[in-house]
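Residue numbers (the numbering used here): 208 to 388.
No residue lacks a Cβ here, since even glycine has one placed at the ideal position from N, Cα and C.
Predicted, not measured: the structure shown is a model, and the values here were computed from it.
These notes are about the structure you will find just below.
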Amino acid sequence: YEFCDGEVWAMAGVSNEHDNIQSNIHFYLRLKLRGRKCRAFLADMRVKVPSFPPYRYPDLSALCGEAKFEFVGKQQMLLNPSLIVEILSPSTEAFDRGSKFTYYKSIESFGEYLLVSTEHPNVAQFIKQIDGSWKHFEFNDLDEKVKIESLECEIEMREIYEDVIFPPNSRPPVYGIDIIN
């Protein structure tokens, strides 16, 4: 469960698609980051969120450079992710796109956000600009590559969605957002 804005959200258990996508992204990021001083963390790594203490559990987080941690009792929290990935489900998509993104923006090191659909090939990428705005990109084609700027690597849509089976005629929604604050 996750407590947010006075509401309790049931978070236990994920779909087969969610599990495959999360495993794929983690596996391919680790391969691409090998030999570099970069780390990719799975959902059990707490991330400290200043605007919504004490922490959140993103599906994946990553950074290049030294990982910094804070301990509260025996609980370890990552302080400096540059990339956060949320894998969307119908029950959490609005929260992940809205309030949770707003909370994550309070993390000083946070500069890139990926929202990955489980229902059709779609990755929404948000990259923080120098002026503090966020540029938005959409990837819907399995032949595309997502350039992860914060980690200086690319991951193919085919890699993200390896072994994921979509319903026939599944199509991504169209979001008309280019730059947001």
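Distance from the CA of Arg-241 to the CA of Glu-277, rounded to the nearest whole angstrom, comes to 25 Å.
The beta-carbon separation of Leu-290 and Leu-270, rounded to 7 Å, stays under the 8 Å limit for a contact. Boundaries around Met-364 are those of the alpha helix (DSSP H), 364–367, since no beta strand (DSSP E) includes it. Between the segment 321–338 and the segment 249–259, the count of Cβ pairs shorter than 8 Å is below three; the stretches do not touch. Closest in C-alpha terms to Lys-307, from the list Val-330, Pro-265 and Lys-342, comes Pro-265. Minimum Cα-Cα distance from Tyr-311 among the listed residues Asn-223, Cys-360 and Leu-267 corresponds to Leu-267. Residue burial annotation: Ala-301 is exposed, with fewer than 16 other C-beta atoms found within 10 angstroms of its C-beta. Our two residues, Val-221 and Ser-316, have alpha carbons roughly 28 Å apart in a direct line. Excluding its 5 nearest sequence neighbours in each direction, Phe-373 has C-beta neighbours in its own chain below 6 Å: His-327, listed in chain order.
When beta bridges are read from the DSSP output, Phe-346 appears opposite Val-330. The continuous beta strand (DSSP E) containing Tyr-320 extends over residues 319–323.
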